[in-house]
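What follows is a set of notes on a single structure, which appears directly below.
In full-length UniProt numbering, the protein residues as written are 1 to 618.
This is the structure in structure tokens:
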């Protein structure tokens, strides 16, 4: 395992994108223009541009465009402005972090490493980095391995490294249950949540505990950084390997004109910088940045208060549901008080108290509970700087498992405990949470966006009244301002691959949605930390079908247009749908290529030098 990490240890995390007020104001102006044009475009689409002879086709597209526009409104609000929490000096005493406390002692911090089946050598590296954590004041820091696998090898590792070892009889609640069990046996003022592969940087406490000087700060989330993402191979090097030095010269010429071209770089689009540095960071201004698990620091008091509140809510809800059924059966308006009291005691006896919700998205659920606590007004902070490093999924199967859990967990909360209707959350917080949940429903309308150009090319039936000048005058200003606003709003972070990945994500998203709608539970499998071998083509069959149909449809339509043998295509419709379908095919191709991606073989020193030199040529 050490051999795997050695080639990545030199990497340093990216710096947060500097905040620019002029750029932010420009984004707000462009985004406002785009939303205004979007309203204008959709009003025109619904009132003038429906194809009345093919409403079966025209209405679904107008619906999809409307749903996507709602997503644009929510995303615009999410990106509206950046307001980083002012950095504060790390506290030296617990009384600097709580209200009206006379305690005079150093802070106590517990660092948790939940584990189930990960290799001890992997956990060893994480523990070694945790033991290098520094702090400018005296601090009581304890490190714990939370072993849900009940392994003698992990227990021996804990003893060897002189860290705590906590296990339990069963695996109820999986990771959430594991954390609950550890919380019951520890007493630190603050808890650092890591995964088995999370390797904290020495500065994680020094740079984050200062936020807790505000006694209302419940948790701090730090960006997750996958330090082993493939860097890929630059075009000249790739051409030289395949065709020789002459081809390499051609590749350099292409890069001089076009810019750097890299193959195999982050094939699964794992880089989370867009999520943490843009989406999460810009939720600070409305106190809506949510916890994402690994790399987060929690105030124990807040977690326990959230648990008590959620516990009380659960008891009350179950009691109300049962009493409702009793009234329905007995035809009585009210349930006798003694029966109600006995019923509540029975539910209390059967319901287990837990600091973390037994849910695949326990971190997100806990965030919602804390943000909706009107008595304490708990706050969250998204710290902009990376304070830990971890492993990225290295194969499509692992990627799919991870994305399915994330999507399914979010949809499950949206369907069964929707924060939009939860008391205690502000309107702005509801919009922020709504943006997250709405994006997980996007597969429904993304399917329509993928199917429409195929249907047009195969049938020559247009989903709009006409692809004429009026259409372009309405559509182009809307879509161009959207692209420019997105570019300005996410300046400094690569976004195009993320957008295409979002489109090709539809099969996993749909499966998660269908699982929740059927009332099935989203499973809790641990994400594999090593590359899985095998053929992953079956995982991208839907993308391959879309790609194949798109390719056939585009040739079918253009041949029919030029020969006049079939179809009644318009030039404007062909051009528009050609660009549309090529974008869809490019998105599908990225996911298809990821299914067959394999880590490159070790290059010789000459090739490595050549690759490194190329980084500074352009």
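Glycine residues also receive a C-beta, built at the ideal position from the N, C-alpha and C atoms.
For residue i, three-class secondary structure by DSSP
| i | result |
| --- | --- |
| residue 379 | strand |
| residue 71 | helix |
| residue 204 | coil |
| residue 467 | coil |
| residue 50 | strand |
| residue 140 | strand |
| residue 353 | Its pLDDT being 46, under 50, residue 353 is placed unreliably in this model, and the coordinates cannot settle the point. |
| residue 147 | strand |
| residue 110 | strand |
| residue 182 | helix |
| residue 444 | helix |
| residue 474 | helix |
| residue 221 | strand |
| residue 293 | coil |
| residue 4 | helix |
| residue 115 | strand |
| residue 261 | coil |
| residue 437 | helix |
| residue 10 | coil |
Test item: CB-CB of residue i and residue j under 9 Å
| i | j | result |
| --- | --- | --- |
| residue 271 | residue 451 | no |
| residue 226 | residue 392 | yes |
| residue 490 | residue 383 | no |
| residue 91 | residue 210 | yes |
| residue 282 | residue 13 | no |
| residue 387 | residue 204 | yes |
| residue 472 | residue 572 | yes |
| residue 170 | residue 222 | no |
| residue 560 | residue 436 | no |
| residue 553 | residue 567 | no |
| residue 577 | residue 378 | no |
| residue 449 | residue 68 | yes |
| residue 430 | residue 422 | yes |
Rounded straight-line distance, which links the Cα of residue j to that of residue i
| i | j | result |
| --- | --- | --- |
| residue 369 | residue 306 | 6 Å |
| residue 155 | residue 363 | 27 Å |
| residue 332 | residue 342 | 18 Å |
| residue 633 | residue 252 | No information on residue 633 is available, as it lies outside the stretch 1 to 618 that the chain covers here. |
| residue 381 | residue 302 | 14 Å |
| residue 51 | residue 45 | 10 Å |
| residue 167 | residue 127 | 17 Å |
| residue 131 | residue 94 | 22 Å |
| residue 47 | residue 40 | 11 Å |
| residue 480 | residue 275 | 23 Å |
| residue 496 | residue 125 | 34 Å |
| residue 630 | residue 277 | No information on residue 630 is available, as it lies outside the stretch 1 to 618 that the chain covers here. |
| residue 31 | residue 65 | 17 Å |
| residue 193 | residue 262 | 35 Å |
| residue 651 | residue 417 | Because residue 651 is not part of the residues shown, which for the chain are 1 to 618, the question remains open. |
| residue 624 | residue 321 | This structure does not reach residue 624, given that the chain is present from 1 up to 618, and the question cannot be answered. |
| residue 319 | residue 57 | 47 Å |
| residue 589 | residue 269 | 13 Å |
| residue 317 | residue 419 | 16 Å |
| residue 151 | residue 118 | 10 Å |
| residue 163 | residue 232 | 38 Å |
| residue 249 | residue 260 | 14 Å |
Close-in-space but distant-in-sequence residues of the same chain around residue i (CB under 6 Å, 5 per side omitted)
| i | result |
| --- | --- |
| residue 580 | 453 |
| residue 443 | 506, 509, 510 |
| residue 290 | 364, 367 |
| residue 335 | 323, 326 |
Own chain partners of residue i with C-beta closer than 7 Å, once the 5 adjacent residues on each side are dropped
| i | result |
| --- | --- |
| residue 96 | 213 |
| residue 438 | 70, 71, 74 |
| residue 11 | 227 |
| residue 178 | 114, 146, 148 |
| residue 357 | Bear in mind that a pLDDT of 48 at residue 357, under 50, signals an unreliable position, so the number given afterwards is only what the model happens to contain. Around residue 357: 176, 310, 365, 366. |
| residue 182 | 112, 144, 146, 166 |
| residue 7 | none |
| residue 279 | 78 |
| residue 486 | 495 |
For residue j and residue i, believed in contact at Cβ under 8 Å, the rounded distance
| i | j | result |
| --- | --- | --- |
| residue 144 | residue 190 | The Cβ separation is near 13 Å, so there is no contact. |
| residue 626 | residue 440 | The first residue shown for the chain is 1 and the last is 618, placing residue 626 beyond what the model contains. |
| residue 17 | residue 492 | 4 Å |
| residue 89 | residue 134 | Not really, about 15 Å apart at Cβ, beyond 8 Å. |
| residue 539 | residue 396 | 5 Å |
| residue 84 | residue 200 | That pair is no contact at about 21 Å. |
| residue 547 | residue 595 | That pair is no contact at about 12 Å. |
Residue-chain proximity (residue i, chain B), Cβ-Cβ < 9 Å
| i | result |
| --- | --- |
| residue 223 | Structure shown: chain B not included; a single protein chain is present. |
Closer than 8 Å: residue i CB and nearest the ligand GDP heavy atom
| i | result |
| --- | --- |
| residue 584 | With respect to small molecules bound, the structure shown includes none, and the ligand GDP cannot be examined in it. |
Contacting residues, own chain, Cβ-Cβ under 8 Å from residue i (five flanking each side not counted)
| i | result |
| --- | --- |
| residue 512 | 404, 407, 408, 411, 440, 522 |
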